[in-house]
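Residue numbers (this note's numbering): 414 to 536.
Glycine included, C-beta positions come from ideal geometry on N, C-alpha and C.
These numbers come from a predicted model, not from an experiment.
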């Protein structure tokens, strides 16, 4: 019998694994937000729950008043059923924590889901 030689698997670049982990993490966050949004849609309808737009505007206003949360940081805010979802990218863990704390302090917010990534950090 002849021996069959299978080609070896190609070597992955050193940073490919961390990119894969980051992409996987982002995918999980997207899935979680999408699934929770579906349940909120059933409860609140296409326009969201009453007060959600006001909460988002109030959180954005508070962020705009904090120099540590301004660009180059990129933070997105979405509110569903009085739960604030934060996503984006900041430079430090301190800025990530400030964003969550500021959002918690806005009237009407019942919970904050902080999915903000810190530049250079692999989760």
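With 16 other Cβ atoms within 10 Å as the buried cut-off, status of residue i
i	result
residue 509	buried
residue 533	exposed
residue 467	exposed
residue 521	exposed
residue 512	buried
residue 503	buried
residue 523	exposed
Check whether residue i and residue j have beta carbons under 9 Å apart
i	j	result
residue 482	residue 531	no
residue 469	residue 496	no
residue 525	residue 493	no
Residue i to residue j span [Cα, whole Å]
i	j	result
residue 527	residue 507	13 Å
residue 501	residue 489	6 Å
residue 486	residue 517	19 Å
residue 519	residue 476	11 Å
residue 474	residue 457	24 Å
DSSP state of residue i mapped onto helix, strand, coil
i	result
residue 526	strand
residue 515	helix
Minimum length 4: unbroken alpha helix (DSSP H) runs contained in the segment 465-507: For the segment 465-507, whole alpha helix (DSSP H) runs of length 4 or above, ordered along the chain, are 465-477.
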